[in-house]
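Heads up, the sequence shown is in the numbering used here, so the first residue is 16 and it goes up one at a time.
Note that the Cβ used here is the ideal one computed from N, Cα and C, for glycine as well.
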Amino acid sequence: MRTQQPSARTSLECVGLPAPVRELAQQRWDAIIVGGGHNGLTCAAYLARAGKQVLVLEARARLGGACTIEETWPGYRVSPCAYLCGLLHPSVIDELRMVDYGFHWTPALSGMFVPFDDGRSIQLWDDDERCEAEVRRFSPRDVKGWRAMSDTMRRARAALRPPTDDDIWLNRHPSRQMIEDRLRDDPEARNLVLHWSMVDYVEEYLHDEQLQSAFLGQGVIGTNASPHDPGTASVNYHHSSGRMFGVDGAWGYVRGGMGTVSFILADIARDLGVTLAAGAPVARILPGAGVELAGGETIHAPVVIANADPCTTLRLLDGAADAGWRAQVEATPQLGCTVKVTLALREAPIFDARPDSTDLHMGQINTPLTKPEWKEYHPLAKAGHLPPRLWARLYCRPPADAAIAPQGST
């Protein structure tokens, strides 16, 4: 008999064990998922919809992995890693009925605010008309280039991620050849997705050096690279390819914090019959047989799905990994490149460039670096030195979301 577990949201994602491990080991499982992050929970829900008996094993006490919530200070629900939502697939939202479970998303339509040292600034709105007006004010000769640059991004998104079943993300094994075939007749879109550096991208369309620098950081988000490096324009494309709730390319805030995505998926998976076990670290994956827990117990299943990162999965396979896949994992650099700082403030920050503006707090705020600074500072950072200046992006929580911070704070 299945033990009823509390809602992941009401228990702040610490769902514990649904039964003693020895009882879990006696049950028949069609699949075991190692890791209770949002991807693993989504996979579990879909398998359960298909009638499979699924067990999710999460090592930590909390579900969610990188998309979770911690109460760092009393009354403050902090998203320690993931901070915005923009690439959650509309099919997942609809098919798993996430809105019915309380999923609420507010797009950050203020776009990107970029202040410069000389007192100038630009607000790159997600709304095309407002953004064009800003570009015209900031650099009139770049309006035509900005339009062409935006059109290239739109064409790439339309070719690869149309709002239909032709979305390449819905293909089981999308390949580079498939991408090239879709972009064959559009050399600019092909360069954006496959070849250009971020510097190449902005220089192709824009003249003003400050306007160029405003965009450069969008090519290195989560990437240990300089915007001078080939391929970084594709990072910008990737982060602009979402279609949540019909808002193309936008990112936004999840009510209650990003971990709410995982907690909702956990509730959905449970209602579909998935068993969730948190605080149950896996020591070894036994291909075709199941898993061995850190305590020595074995839980059997013919299929094991890893929601762990590739290096952790390789370690858990303990010599049983395919040689080709092992070589691929070992050859992929695993170098950290991001530091996230969470602040609790009495009021939103005020910027000298626009001291009276409140709209800018509903989007991302960038502290830009020039092209020469990127070229000089990234090698410094790779060598282990702290550069004189850093590129950073700032986000302020929506003031209407009282679920994540006490009233009167931000």
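(request) Can you give me the start and stop residues for the alpha helix (DSSP H) that residue 54 sits inside? (result) By one-based count along the sequence shown, residue 54 stands at place 39. Here the alpha helix (DSSP H) through residue 54 covers 53-64.
(message) Taking 8 Å as the limit between beta carbons, can you name the residues of its chain near residue 107, skipping five residues before and five after?
(response) As a first step, residue 107 is located in the sequence shown; it is residue number 92 there, counting from the start. The residues are 57, 113.
(request) Ignore the nearest five residues each way along the sequence and tell me which others in residue 205's own chain have a CB closer than 6 Å to its CB. (result) Reading the sequence shown from its first residue, position 190 is the one you call residue 205. Here the set comprises 198.
(message) Does residue 106 come out as helix, strand or coil in the three-state DSSP assignment?
(response) On the sequence shown, residue 106 is found 91 positions in, with the first residue counted as 1. Residue 106: helix per DSSP, three-state reduction.
(request) Report all residues from its chain with a CB closer than 6 Å to the CB of residue 422; omit the five preceding and five following residues, and keep chain order. (result) For this step, residue 422 is matched to residue 407 along the sequence shown. The beta carbon of residue 422 is closer than 6 Å to none in its chain, skipping five residues each way along the sequence.
(message) Taking 8 Å as the cut-off, is the C-beta of residue 164 nearer than that to any heavy atom in the ligand GTP?
(response) Inclusion of the ligand GTP in the displayed structure is not the case, the ligand content being empty and no account of it being possible.
(request) Answer yes if the segment 274-290 comes into contact with the segment 130-145, meaning at least three C-beta pairs across the two stretches below 8 Å, and no otherwise. (result) no
(message) Closer than 8 Å is the cut-off here; do at least three beta carbon pairs connect the segment 333-353 with the segment 226-240?
(response) Proximity of the segment 333-353 to the segment 226-240 meets the contact definition, three or more beta-carbon pairs being nearer than 8 Å.
(message) Using only the alpha-carbon positions, how far apart do residue 169 and residue 262 sit?
(response) Taking the sequence shown and counting its residues from 1, one reaches residue 169 at position 154. Taking the sequence shown and counting its residues from 1, one reaches residue 262 at position 247. Cα to Cα, the separation comes out at about 12 Å.
(request) For residue 186, count neighbouring C-beta atoms within 10 Å of its own C-beta (all shown protein chains included) and say buried if the count is 16 or more, exposed if not. (result) In the sequence shown, counting from the first residue as 1, residue 186 sits at position 171. When all chains shown are included, residue 186 counts as exposed.
(request) Just mark residue 407 as buried or exposed, buried being the case when its beta carbon has 16 or more other beta carbons within 10 Å. (result) Residue 407 sits at position 392 when you count from the first residue of the sequence shown. Under this definition residue 407 is an exposed residue.
(message) Taking DSSP's pairing of strands, which residues face residue 138 in a bridge?
(response) For this step, residue 138 is matched to residue 123 along the sequence shown. In the DSSP output, where bridge partners are listed per residue, residue 138 has 128.
(message) One question on the structure: do residue 319 and residue 48 come within less than 9 Å of each other, judged by their Cβ atoms?
(response) As a first step, residue 319 must be located in the sequence shown, where it is residue number 304. As a first step, residue 48 must be located in the sequence shown, where it is residue number 33. Against a cut-off of 9 Å, the Cβ pair of residue 48 and residue 319 comes out as a contact.
(request) Could you name the residues that DSSP lists as bridge partners for residue 315? (result) The residue given as residue 315 occupies position 300 in the sequence shown. Residue pairing by DSSP places residue 315 opposite 305 in a beta bridge.
(message) With DSSP as the reference, identify every bridge partner of residue 279, one or two as the case may be.
(response) In the sequence shown, residue 279 corresponds to position 264, counting from 1. In DSSP, residue 279 forms no bridge with anything.
(request) Rounded to whole angstroms, what's the CA-CA distance from residue 249 to residue 210? Just pull it up for me. (result) For the purposes of this step, residue 249 is identified with residue 234 of the sequence shown, where counting begins at 1. For the purposes of this step, residue 210 is identified with residue 195 of the sequence shown, where counting begins at 1. In a straight line, the C-alpha of residue 249 is about 8 Å away from that of residue 210.
(request) Report the partner residues of residue 408 according to the DSSP bridge assignment. (result) Translated into positions along the sequence shown, residue 408 becomes position 393. Residue 408 pairs with 381.
(request) List the DSSP bridge partners of residue 297. (result) In the sequence shown, the residue the question calls residue 297 occupies position 282. Beta-bridge pairing links residue 297 to 308.
(request) Quick one: measure Cβ to Cβ for residue 7 and residue 253, integer angstroms, because I've assumed they're closer than 8 Å. (result) No answer is possible for residue 7: it lies beyond the span of the chain, which begins at 16 and ends at 425.
(message) Closer than 8 Å is the cut-off here; do at least three beta carbon pairs connect the segment 148-166 with the segment 215-233?
(response) yes
(request) State the Cα-Cα distance for the pair residue 203 and residue 191, rounded to the nearest angstrom. (result) As a position in the sequence shown, residue 203 is number 188, starting the count at 1. As a position in the sequence shown, residue 191 is number 176, starting the count at 1. Going from the Cα of residue 203 to the Cα of residue 191 covers about 16 Å.
(message) For the segment 291-307 against the segment 32-51, do three or more pairs of beta-carbon atoms, one drawn from each stretch, fall closer than 8 Å, so that the two count as touching?
(response) yes
(request) Could you check the C-alpha separation between residue 312 and residue 70 for me, to the nearest Å? (result) Along the sequence shown, read from residue 1 onward, the residue named residue 312 stands at position 297. Along the sequence shown, read from residue 1 onward, the residue named residue 70 stands at position 55. Distance between the alpha carbons of residue 312 and residue 70: 15 Å.
(message) The alpha helix (DSSP H) that contains residue 167, what's its start and end?
(response) For the purposes of this step, residue 167 is identified with residue 152 of the sequence shown, where counting begins at 1. Looking at the DSSP string, the run of the alpha helix (DSSP H) that includes residue 167 is 158-175.
(message) Suppose contacts are defined by Cβ-Cβ distances below 9 Å. Is residue 31 in contact with residue 335 by that definition?
(response) If you number the sequence shown from 1, residue 31 lands on position 16. If you number the sequence shown from 1, residue 335 lands on position 320. Contact: no.
(request) For residue 144, name the three-state secondary structure that DSSP assigns. (result) Here residue 144 refers to the residue found at position 129 of the sequence shown. Here residue 144 sits in helix by DSSP.
(request) Report the three-state DSSP secondary structure of residue 202 (helix, strand or coil). (result) Here residue 202 is taken as the residue at index 187 of the sequence shown, counted from 1. The answer is helix: DSSP assigns residue 202 an H, G or I state.
(request) Starting from residue 72, follow its DSSP beta bridges and name the residues at the other end. (result) Residue numbering aside, residue 72 sits at position 57 when the sequence shown is read from its first letter. BP columns for residue 72 point to 49, 292.
(request) Going by CA-CA distance only, name the one from 401, 109, 117, 60 that's closest to residue 272. (result) Counting from one through the sequence shown, the residue named residue 272 turns up at place 257. Among 401, 109, 117, 60, the Cα nearest to that of residue 272 belongs to 117.
(request) Could you check if residue 274 is buried or exposed, using at least 16 other CB atoms within 10 Å of its CB as the buried criterion? (result) By 1-based counting over the sequence shown, the position of residue 274 is 259. When all chains shown are included, residue 274 counts as buried.
(request) Please confirm whether residue 131 and residue 363 have their CB atoms less than 9 Å apart. (result) Within the sequence shown, the letter at position 116 stands for residue 131. Within the sequence shown, the letter at position 348 stands for residue 363. It is not a contact, given that the beta carbons lie outside the stated cut-off.
(request) Quick one: using the 10 Å Cβ neighbour count with 16 as the cut-off for buried, is residue 356 buried or exposed? (result) If you number the sequence shown from 1, residue 356 lands on position 341. Under this definition residue 356 is an exposed residue.
(message) Would residue 241 and residue 102 be called neighbours here (beta carbons separated by less than 9 Å)?
(response) What you label residue 241 is simply residue 226 of the sequence shown in a count that begins at 1. What you label residue 102 is simply residue 87 of the sequence shown in a count that begins at 1. Not a contact, by the Cβ cut-off of 9 Å.
(message) Along the chain, where does the beta strand (DSSP E) containing residue 121 start, and where does it finish?
(response) Numbered from its first residue, the sequence shown carries residue 121 at position 106. Residues 120-122.
(message) On the DSSP letters alone, give me the boundaries of the beta strand (DSSP E) that residue 269 sits inside.
(response) The residue labelled residue 269 in the question sits at position 254 within the sequence shown. Counting along the chain, the beta strand (DSSP E) containing residue 269 begins and ends at 267-269.
(request) Rounded to whole angstroms, what's the CA-CA distance from residue 73 to residue 35? Just pull it up for me. (result) Mapped onto the sequence shown, residue 73 falls at position 58. Mapped onto the sequence shown, residue 35 falls at position 20. Cα to Cα, residue 73 sits roughly 15 Å from residue 35.
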